[in-house]
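Reviewing the structure listed below.
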Amino acid sequence: NGVQKPEPRLNDPDTLARQIVEKLTYSIGKNPASARKYDWLRATTLAVRDRIIDHWFESADRFAEEGGKRVCYLSMEFLIGRMLRDAINNLGLTEPVREALARYGVELDMIELLEPDAALGNGGLGRLAACFMESMASTGVPGYGYGIRYVHGFFRQEIADGAQVELPENWLVHGNPWEFERRNASYEIGFGGKVSMIQEAGRPARQVWRPAERVLAVAYDTPMVGWRGRQVNTLRLWSAQALDPILLDAFNSGDHIGALVESNKAEAITRVLYPADSHQAGQELRLRQEYFFSSASLQDIIRRHLEENDNLSNLADKVAIQLNDTHPAVSVAELMRLLVDVHGFGWDEAWTITRATFSYTNHTLLPEALEHWPIHLFERLLPRQMQIIYAINAGIIREAAQEHGYDDGQVAAISLIDEGNGRRVRMGQLAFVGSHAVNGVSALHTDLMKQTVFRDLHELYPDRIQNKTNGVTPRRWLMEANPGLTGLITEAIGPGFLDDIEKIIEIDDLADDAAFRERFAAIKRQNKERLANVIGERMATSVDPSAIFDIQVKRIHEYKRQFLNIIEAIALYDQIRSHPERNWTPRVKIFAGKAAPSYVQAKEIIHLANDVGRVINADPAVRDLLKVVFIPNYNVSLAEIIMPAADLSEQISTAGLEASGTGNMKFALNGALTIGTLDGANVEMLEHVGEDNIFIFGLTASEVAQRRREAHSGRSIIDNEPMLREALDAISSGLFCPDSPSRFHSLVSNLYNNDWWMICADFKAYWDTQRTLDDLYTRQDEWQAKAVHNTARMGWFSSDRSIREYARDIWKAGPGQAG
Ligand code: 26V
Numbered sequence: 015n016g017v018q019k020p021e022p023r024l025n026d027p028d029t030l031a032r033q034i035v036e037k038l039t040y041s042i043g044k045n046p047a048s049a050r051k052y053d054w055l056r057a058t059t060l061a062v063r064d065r066i067i068d069h070w071f072e073s074a075d076r077f078a079e080e081g082g083k084r085v086c087y088l089s090m091e092f093l094i095g096r097m098l099r100d101a102i103n104n105l106g107l108t109e110p111v112r113e114a115l116a117r118y119g120v121e122l123d124m125i126e127l128l129e130p131d132a133a134l135g136n137g138g139l140g141r142l143a144a145c146f147m148e149s150m151a152s153t154g155v156p157g158y159g160y161g162i163r164y165v166h167g168f169f170r171q172e173i174a175d176g177a178q179v180e181l182p183e184n185w186l187v188h189g190n191p192w193e194f195e196r197r198n199a200s201y202e203i204g205f206g207g208k209v210s211m212i213q214e215a216g217r218p219a220r221q222v223w224r225p226a227e228r229v230l231a232v233a234y235d236t237p238m239v240g241w242r243g244r245q246v247n248t249l250r251l252w253s254a255q256a257l258d259p260i261l262l263d264a265f266n267s268g269d270h271i272g273a274l275v276e277s278n279k280a281e282a283i284t285r286v287l288y289p290a291d292s293h294q295a296g297q298e299l300r301l302r303q304e305y306f307f308s309s310a311s312l313q314d315i316i317r318r319h320l321e322e323n324d325n326l327s328n329l330a331d332k333v334a335i336q337l338n339d340t341h342p343a344v345s346v347a348e349l350m351r352l353l354v355d356v357h358g359f360g361w362d363e364a365w366t367i368t369r370a371t372f373s374y375t376n377h378t379l380l381p382e383a384l385e386h387w388p389i390h391l392f393e394r395l396l397p398r399q400m401q402i403i404y405a406i407n408a409g410i411i412r413e414a415a416q417e418h419g420y421d422d423g424q425v426a427a428i429s430l431i432d433e434g435n436g437r438r439v440r441m442g443q444l445a446f447v448g449s450h451a452v453n454g455v456s457a458l459h460t461d462l463m464k465q466t467v468f469r470d471l472h473e474l475y476p477d478r479i480q481n482k483t484n485g486v487t488p489r490r491w492l493m494e495a496n497p498g499l500t501g502l503i504t505e506a507i508g509p510g511f512l513d514d515i516e517k518i519i520e521i522d523d524l525a526d527d528a529a530f531r532e533r534f535a536a537i538k539r540q541n542k543e544r545l546a547n548v549i550g551e552r553m554a555t556s557v558d559p560s561a562i563f564d565i566q567v568k569r570i571h572e573y574k575r576q577f578l579n580i581i582e583a584i585a586l587y588d589q590i591r592s593h594p595e596r597n598w599t600p601r602v603k604i605f606a607g608k609a610a611p612s613y614v615q616a617k618e619i620i621h622l623a624n625d626v627g628r629v630i631n632a633d634p635a636v637r638d639l640l641k642v643v644f645i646p647n648y649n650v651s652l653a654e655i656i657m658p659a660a661d662l663s664e665q666i667s668t669a670g671l672e673a674s675g676t677g678n679m680k681f682a683l684n685g686a687l688t689i690g691t692l693d694g695a696n697v698e699m700l701e702h703v704g705e706d707n708i709f710i711f712g713l714t715a716s717e718v719a720q721r722r723r724e725a726h727s728g729r730s731i732i733d734n735e736p737m738l739r740e741a742l743d744a745i746s747s748g749l750f751c752p753d754s755p756s757r758f759h760s761l762v763s764n765l766y767n768n769d770w771w772m773i774c775a776d777f778k779a780y781w782d783t784q785r786t787l788d789d790l791y792t793r794q795d796e797w798q799a800k801a802v803h804n805t806a807r808m809g810w811f812s813s814d815r816s817i818r819e820y821a822r823d824i825w826k827a828g829p830g831q832a833g
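195 is the number that full-length UniProt numbering gives to position 181 of the sequence shown; each next residue is one higher, with no gaps.
Below, the structure is given as structure tokens:
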């Protein structure tokens, strides 16, 4: 095909040093003597990038030759974090690059820290998409990520007087060397306007949508490097631009501001990531974002398909499109529009193609997070797509009534239109009916999907829902985050586990080997010291690395129950003060995470954690037996420091509410023990690590559902549990917030009145389990043996395993699948 095979590049430090200095000189215009650390970062990135591009072209050529099925992963969020270390690691260049830079007195580890985090996601869902991109490249799946190039990623969090303050994030200010603008891949995206029927001679009548507004979607591609650099996939992010950047007429008539209105409005679409993952906001701009990236991605997929095929009838044989939650669910209507209105397909054939192409992953059952758009908004912004949704709905209802004898009540339950609270489009239902496969992200969550949100659709289509338990990439979350542990394991069992992480089970027997345990513990100790330094630098708080590092890091949500953890800290504080003579195990309770800016209770929980920390950390009576620390601005980079440094991982959501969790996996892989409820993937972690190696407490999902039906309040539990009562009294008394004693009254009164999240109901079991752990920690041999078992038995929770399951059961794509 005329593309020249690139020269093989040498991976020795000499070659790398030469190439880095070449970039420094000719791309940046500095010499080694005058270069500053940012210049070295950029030069190193550019030198590494050249190698990636070689592999990128090879991968593209190979896929084109093979003609196999491609996987398109549509996600509103990709929470990637920094890219340089990941790229260098996956190319096997860590040591040579380190050595090359060292020749100029530059430390690789130091310049890596200067790269901004690509924080194009809120939390679990976005980070999963990033792990999946890396695992698709690592397992040989031809994967294309499609998303939005937000100018401002997830906000930066500061803590001021104990409260969260949100600051804008600006990751692109100094340019982004990882992305390539693709002007040739740009598409028009319409909004609003009217639909009319047209009749052309010799053709059936058809609907034509004439949008009132049009914006341009421009592609930016970022290479995604797989393990050993063998395959490089593409993440294509869309940026919005005005078709006419300046309205010349307006400009020339002196209206200089008015001339820019359109471009401002267009560019607003991709300006900022919505920072709420708890409540559906319902803003028009959010729906614009969803449609914008869905339509651009589908137009791109179709164009690419038509470059290689005669027509679109075999689309589903050549592409699988995965919808990451309902954010891209409007794609179902948009693909129908493109097939029927633009490419002339009949409705039934278009529907068959659409359903065979799409599949959908659900990530939450929380009713307040499920997307449903007001019909009037949808109709105004996307009139043709709304018509199509009505038509899809009519077909589904006809099928249910005629073939399954559904009555009106049953029809209402499956309808894509919620007639209840002002008519709304149910995006989950749309994604479900438009897909051939629908999946949950852990075994429990998938069961609950069948019983709750999708009960009726599951009855109608009993084969559609399946489970795909989440995973995390061991490259970023073990090798890169924890080189010490990676080195120890490599010494013990050889490097085979780097290519097949399930081989890590080979260290399982070493849990009985005292020398191995000691080295394992020594690495943990170093990682704890590193975190202690970060805490010392960022917050001027000193913590003792020989204490239990008890860590809960994740988005702040009522259902995740950081509040329960804080209450336990207060109760422990109270007990230490009352019984100073007892043999307390020193503990550092560490929190980090962001609250949605509009989520009042979540912000109060952050405030409480900070206020409690201020009081406890300053109280000489606890003598360093207890510290409470809230580290600001949790992000992927901070997680990479935190995960390897934990002794104890807090996974304590109200059972039935955490779809999977993935932090739970990162912690355990790095040798933390888990204290957790039987929720999400904790259930499967229990099965893999064994009940002696994980600390499960509390109500089960069905017990929670039962108690909620019985509408208990927390009052009777509080009255009968002195430790809980005293902790809540301490909060209510203003002990932690003397400047504003009523600050946490509503947080506490919720527990008395209702205890919706089962904090009171689970308190005692949680307390008792924590004391068991205190005791265990004094027997270091036992603790460390359990820690080794955790690391050894977590191989299954690799996102490589998740991706292979998706490829085999849903996409029918990738290695070993007929193309
Ligand atoms: C929801 C919404 C609602 C509308 C407004 C914007 C917005 C943005 C993000 C979300 C996603 C919330 C769902 C989510 O992140 N779920 C998490 O997915 C993880 C990966 O599957 C899983 O491990 C976590 O348990 C689950 O909470």
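Glycine is no exception: its CB is placed at the ideal position from the N, C-alpha and C atoms.
- By the Cβ criterion, the region 630-650 is in contact with the region 546-555, since at least three pairs of Cβ atoms, one from each stretch, lie closer than 8 Å.
- Pairwise C-beta distances place the region 298-309 in contact with the region 394-401, as three or more of them are shorter than 8 Å.
- The alpha-carbon separation between E701 and P110 amounts to approximately 41 Å.
- The closest heavy atom of the ligand 26V lies less than 6 Å from the beta carbon of V455.
- For the pair T59 and R163, the CB atoms are not nearer than the 7 Å cut-off.
- Using a C-beta cut-off of 8 Å, the region 230-242 makes contact with the region 197-204, since at least three inter-stretch Cβ pairs fall below that distance.
- DSSP, reduced to helix, strand and coil, places P388 within a strand of the structure shown.
- With a 10 Å radius around the Cβ and a threshold of 16 neighbouring Cβ atoms, Q794 comes out exposed.
- Around F168, the same chain offers L93, A133, L134, G135, N136, E183, L287, P289, K608 and N649 as residues with beta carbons nearer than 8 Å, after the five sequence neighbours per side are excluded.
- Inclusion of T676 in the 6 Å shell around the ligand 26V follows from its C-beta lying nearer than that to a non-hydrogen atom of the ligand.
- Annotation for Q313: the continuous alpha helix (DSSP H) segment containing it runs E298 to E322.
- In the structure shown, D64 falls within a helical segment according to DSSP collapsed to helix, strand and coil.
- Within the same chain, Cβ atoms closer than 6 Å to the Cβ of D564 are found at R601, K603 and L662, the five residues on either side in sequence being excluded.
- Taking the Cβ of L139 as the reference point, at least one heavy atom of the ligand 26V falls within a distance shorter than 6 Å.
- In the three-state scheme derived from DSSP, where H, G and I count as helix and E and B as strand, V275 is classed as helix.
- Inclusion of Q294 in the 6 Å shell around the ligand 26V follows from its C-beta lying nearer than that to a non-hydrogen atom of the ligand.
- With fewer than 16 other CB atoms across the displayed protein chains lying within 10 angstroms of its CB, Q720 is exposed.
- With a cutoff of 7 Å on beta-carbon distance, E618 and L761 are scored as near each other.
- Of the residues assessed, I315 falls on the buried side of the cut-off, its CB having 16 or more other CB atoms within 10 angstroms.
- Per DSSP, P611 lies in no alpha helix (DSSP H) segment and is marked neither H nor E.
- In the structure shown, M97 adopts coil according to DSSP, grouped into three states.
- In summary, R217 is exposed, with fewer than 16 beta-carbon neighbours lying within 10 Å of its beta-carbon over all protein chains present.
- Not one heavy atom of the ligand 26V sits closer than 6 Å to the Cβ of D235.
- With distances taken between CA atoms, S41 lies nearest to A57 out of A57, N376 and A445.
- Taking C-beta separations shorter than 7 Å and ignoring five residues to either side along the sequence, the partners of A330 in its chain run I367, A370 and T371, following chain order.
- A direct Cα-Cα distance of roughly 24 Å separates G712 from R807.
- In this structure, DSSP gives E382 a helical state, which the three-state scheme calls helix.
- A direct Cα-Cα distance of roughly 8 Å separates K51 from V120.
- In this structure, the CA atom of L349 is about 39 Å from the CA atom of E516.
- Rounded to whole angstroms, K538 and V557 show a C-alpha spacing of 15 Å.
- For L742, the shortest separation between its Cβ and any heavy atom of the ligand 26V does not lie below 6 Å.
- V614 and R32 have their C-alpha atoms some 54 Å from each other.
- Approximately 5 Å separates the beta-carbon atoms of F750 and V629; this is inside 8 Å, confirming the contact.
- Bounds of any alpha helix (DSSP H) do not take in W491, whose DSSP letter is neither H nor E.
- For A334 against M238, the beta-carbon gap comes to about 17 Å, at or over 8 Å, which does not count as contact.
- Straight-line measurement puts the Cα of T668 at about 11 Å from the Cα of D769.
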